[in-house]
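Below is one structure, written out as structure tokens, with a few remarks after it.
Numbering (the UniProt record's numbering), first residue to last: 1 to 321.
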């Protein structure tokens with residue numbers, strides 16, 4: 001018995017081992033009844049909420065139309081018991097119309113002829129606009145979003161068309177302005193190139209003039225120093241720098257002499273520059289005469305050594321003499 005109750009508690013929905021079996025059975029019956037009667041309850045609630053008493057998805061009843069006038073029968077005006085030009089007696093006799101109700105000329109107007117025109121193929125079917133359908137909130141939001149997107153795209157398209165029209169209107173003027181601007185830039189570039197070319201040409205001419213002037217100064221310095229060394233065996237470089245020009249100094253003259261290869265030893269001849277700015281050329285014969293004069297003048301000290309300063313003065317006297 002206990003195993004059977006345990007099995008029922010497991011099979012019944014929402015059942016727990018702690019609740020009585022009778023409570024679980026009642027719970028099951030209530031749920032089954034709700035599930036069975038739920039569709040009927042939903043239909044009744046929808047019918048009560050609808051203004052015309054129909055369900056949400058229920059089609060409206062077809063309305064019969066008058067084939068002669070295409071007017072719904074229920075909407076046609078009902079004939080009224082009115083006397084139009086005739087008086088009806090109680091016994092059913094019809095009296096003649098009154099004189100004041102007849103036309104002035106005495107002619108009776110004929111009744112309007114009813115033109116028998118063909119009606120629609122399906123007179124009982126309503127137009128599409130007459131059908132109404134209730135839609136849910138989700139569908140309404142979706143349709144609203146579609147309308148917003150459609151309006152947005154239409155607005156952007158109209159803006160693009162307007163922009164293209166404005167661009168087309170000012171295209172000719174902009175092209176002309178652009179062409180003028182390009183021509184102005186090309187003229188400016190040509191002017192800059194011409195100025196640069198003139199500057200390069202002027203610089204080239206100045207450089208050539210400077211090179212020619214420098215070459216002439218170098219030739220002048222070499223000629224003067226070479227001539228004085230051959231004649232006097234010594235040359236004053238300060239005087240040579242003054243002859244070359246105001247921009248020339250002794251250092252530049254010494255550099256030219258060293259670069260030309262005039263300074264140095266060649267065979268038994270030695271050409272050198274002194275600290276006093278003199279270029280001196282000494283030969284082996286000059287040195288022999290210097291040593292002979294130093295020995296004859298007894299220039300040495302007690303130990304027999306001769307100082308360089310004494311030899312320099314003696315050599316200067318020999319070169320000058």
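We treat Cβ as the ideally placed atom computed from N, Cα and C, and that holds for glycine. It should be emphasised that the depicted structure is a prediction, and the values quoted were computed from it without experimental measurement.
Chain-order list of residues whose beta-carbon lies under 6 Å from that of residue i (same chain, five-residue window excluded)
i	result
residue 249	241
residue 233	281, 319
residue 89	With a pLDDT of 41 at residue 89, under the threshold of 50, the modelled position of this residue cannot be trusted; read the value that follows with caution. So no residue of the chain qualifies.
residue 185	none
residue 159	none
Test item: CB-CB of residue i and residue j under 8 Å
i	j	result
residue 269	residue 279	no
residue 262	residue 225	yes
Cβ shell of residue i (< 7 Å), same chain only, five flanking positions each side left out
i	result
residue 294	306, 311, 314
residue 221	240, 244, 253, 256
residue 238	250, 277
residue 217	244, 245, 248
residue 18	none
residue 283	268, 269
Segment limits, beta strand (DSSP E) that includes residue i
i	result
residue 282	278–283
residue 264	264–266
residue 259	Here residue 259 belongs to no beta strand (DSSP E); instead the alpha helix (DSSP H) covers 250–260.
residue 271	269–273
Boundaries (first-last residue) of the alpha helix (DSSP H) holding residue i
i	result
residue 306	Neither: residue 306 is in no alpha helix (DSSP H) and is coded neither H nor E.
residue 147	137–169
Three-state secondary structure assigned by DSSP to residue i
i	result
residue 26	helix
residue 286	helix
residue 18	coil
residue 191	helix
residue 316	helix
residue 181	helix
residue 358	What the structure shows of the chain is the stretch from 1 to 321, and residue 358 is not part of that stretch, so it cannot be assessed.
residue 33	helix
residue 299	coil
residue 310	helix
residue 6	helix
Own chain, CB closer than 8 Å to residue i, minus 5 neighbours either side, in chain order
i	result
residue 273	237, 254, 257, 263, 279, 280
residue 290	311, 314, 315, 318
Closer than 7 Å: residue i CB and nearest the ligand FMN heavy atom
i	result
residue 318	As far as ligands go, the structure on display features none, and thus does not contain the ligand FMN.
Short CB-CB distance (under 8 Å) between residue i and chain B
i	result
residue 267	Looking at the structure shown, chain B is missing, and only one protein chain is on hand.
Quick check on the DSSP output: what are the complete alpha helix (DSSP H) runs of length 4 or more inside the stretch 200–240, in order along the chain? Here no run is fully enclosed.
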